[in-house]
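Residue numbers (the numbering used here), protein chains in the order written: chain A, 1 to 168; chain B, 169 to 336.
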DNA sequence: TATTGTTATACTCTATAACTATA
DNA sequence: TATAGTTATAGAGTATAACAATA
């Protein structure tokens, strides 16, 4: 649709053809940011009532601590693109819910070693099942396309991590 | 890397091979959400000092009002996946900066018709150039891959809009 | 002197519900 | 009775800088 087109009557049955997104229509940035809003809402709904609901980082932390017992906060912080301050809050929250344990790292007493509690281990299993179901959010995307997108975004993601997450 | 692997020494030169993301590694959700963090930071930096910096929706609103003079808030709200309340705040902000004008819609006095001011028109041109530059954030992704990803995510995006954005 | 993690603060976004005016 | 937009509020995430302890 050309720029400067006529007024749009109302929001019923909005279609791509009716809307001129200008350069945003060729900007990955826009689509990532907008899809993120919907994906986040969907996940929040699926996690409702669980101790890891709401907020980024708790789920990733749960799995990282589970799969890498003794991992340090600063490592997780890099993976989830947070600074140490924000990471500390995530850990406070999870520790408060009895999901993780913080110990002093054996080789460096400034650092911490993290471990899941029994409760944390159980929650990881529940959350893993929910994440499998969250595939349904992309119901209109077939398995091949889904896997392809994961593969490409994974590469982009690790490139970002390597660049220190375009840190704030 | 198998689950339950040994402790990771530190965060220096983190690599995909060192980290077991569990099921997140096959979950589009995770990559969209994490890439979103970095992409948002990058854009915030590029827009620093401009009247549309920070917060989702202002840029899209700028282009939509520019390309669809007389468009209504509720239409924009659907495109940016916000509710009317959040949309109103975006418009308050933009009106306060003298970027847009709100008029009563001719055919429905409950509704508003939105227009860009001269200042808004000028800003749209500036922002369009900045968005072109924001392509650099994905410097490790070649043009073909970039265009392919845009195409796929665009389809997913419009599917979300059609579903009323998995509204909150 | 650099690093790990903590604390405090100010700012912003989000979700929700109640409200008005008009259709 | 439904819709367009507004207002108010409570809850959460984010960015920043300053701090204590250790390396």
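Cβ atoms here follow ideal geometry from the backbone N, Cα and C, with glycine treated the same way.
Scanning its chain for C-beta atoms nearer than 7 Å, with the 5 sequence neighbours on each side dropped, one finds no residue around residue 149 of chain A. Chain A places no beta carbon closer than 8 Å to that of residue 258 of chain B, leaving this residue out of the contacts. Sorting A:65, A:19, A:21 and A:33 by C-alpha distance to the C-alpha of residue 123 of chain A places A:65 at the top.
DSSP, reduced to helix, strand and coil, places residue 272 of chain B within a strand of the structure shown. The beta strand (DSSP E) runs lying completely inside the segment 274-313 of chain B and spanning 3 residues or more are 280-284, given in chain order.
Of all residues in the segment 252-280 of chain B, none has a C-beta nearer than 7 Å to a C-beta of chain A. Distance between residue 84 of chain A and residue 213 of chain B, taken at the CA atoms: about 21 Å. For residue 29 of chain A, the enclosing alpha helix (DSSP H) begins and ends at 28-47. Residue 76 of chain A is classed as buried because its beta carbon has at least 16 other beta carbons within 10 Å across all chains shown.
In the three-state reduction of the DSSP assignment, residue 244 of chain B falls in the helix class, which pools H, G and I.
The secondary-structure analysis by DSSP pairs residue 71 of chain A across a beta bridge with A:114. In the structure shown, residue 55 of chain A adopts coil according to DSSP, grouped into three states. Proximity of residue 50 of chain A to chain B, defined by a Cβ-Cβ separation below 8 Å, is not satisfied. Residue 283 of chain B has a beta carbon lying at 8 Å or more from every beta carbon in chain A.
Residues are counted here when their Cβ sits less than 8 Å from a Cβ of chain B; for the segment 21-42 of chain A these are 21, 22, 23, 24, 25, 26, 27, 28, 29, 30, 31, 32, 33, 34, 35, 36, 37, 38, 39, 40, 41 and 42, given in chain order.
Contact with chain A is found for residue 243 of chain B, since one of that chain's Cβ atoms lies less than 8 Å from the residue's Cβ. With a threshold of 16 other beta carbon atoms within 10 Å, residue 133 of chain A falls short and is exposed. One thing to note: residue 153 of chain A has its Cβ within 8 Å of the Cβ of residue 200 of chain B. Residue burial is scored here from C-beta neighbours: residue 202 of chain B has at least 16 other C-beta atoms within 10 angstroms and is therefore classed as buried. Rounded to whole angstroms, the separation of the alpha carbons of residue 146 of chain A and residue 27 of chain A is 20 Å.
Counting only the Cα atoms, residue 330 of chain B lies some 7 Å from residue 15 of chain A.
Look at residue 56 of chain A: its C-beta is under 8 Å from a C-beta on chain B. Closer than 8 Å to the CB of residue 312 of chain B there is not a single CB belonging to chain A. In terms of beta-carbon proximity, residue 229 of chain B stays away from the interface with chain A, with every pair separated by 8 Å or more. The segment 84-101 of chain A and the segment 111-122 of chain A touch, with three or more beta-carbon pairs separated by less than 8 Å.
Within chain B, not a single residue places a beta-carbon under 8 Å from that of residue 120 of chain A; the smallest gap is close to 13 Å. Sorting A:67, A:139, A:60 and A:48 by C-alpha distance to the C-alpha of residue 323 of chain B places A:139 at the top.
At least 8 Å separates the CB of residue 233 of chain B from every CB of chain A.
When DSSP states are grouped into helix, strand and coil, residue 62 of chain A belongs to the helix group.
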